[in-house]
Every structure is written in C-alpha cells, then in structure tokens.
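Notes to accompany the following structure.
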Amino acid sequence: MPEKPAFEPKGTMAVLAIFVITLIILWGSVYYILLSRGVTL
Numbered sequence: 099m100p101e102k103p104a105f106e107p108k109g110t111m112a113v114l115a116i117f118v119i120t121l122i123i124l125w126g127s128v129y130y131i132l133l134s135r136g137v138t139l
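Residues in the sequence shown are numbered consecutively from 99, following the working numbering.
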C-alpha cells in the first residue's frame, strides 16, 4: 500500500480565511461608522 500524503485541509483553510476577512471587513465598517458619527465608547 502506498502511503497517502499528509492531509492538508486546503478547503477548510480557504473557508476560514474568507470568514475571517469578512468579519474584519464588517467590524471595520462598523468601527468606521462609529468614528464618523463621533460616538465615544
């Protein structure tokens, strides 16, 4: 039996990267709106 190469979850990493980028964009837009309105937290 030939050994299988080490499993690399490229699909999972791609989905995770897209998810993280989406979160960063969403939080960035919310943060920008708060700053533009002059809201102090």
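For glycine and all other residues, C-beta sits at the position ideal for the given N, C-alpha and C. Bear in mind that the values here come from a model prediction, so they are computed numbers and not experimental data.
Roughly how many angstroms separate the alpha carbons of residue i and residue j, rounded to a whole number?
| i | j | result |
| --- | --- | --- |
| residue 114 | residue 125 | 16 Å |
| residue 131 | residue 116 | 23 Å |
| residue 127 | residue 134 | 10 Å |
| residue 121 | residue 112 | 14 Å |
| residue 110 | residue 119 | 14 Å |
| residue 108 | residue 129 | 31 Å |
Does DSSP put residue i in a helix, a strand or coil?
| i | result |
| --- | --- |
| residue 109 | helix |
| residue 136 | coil |
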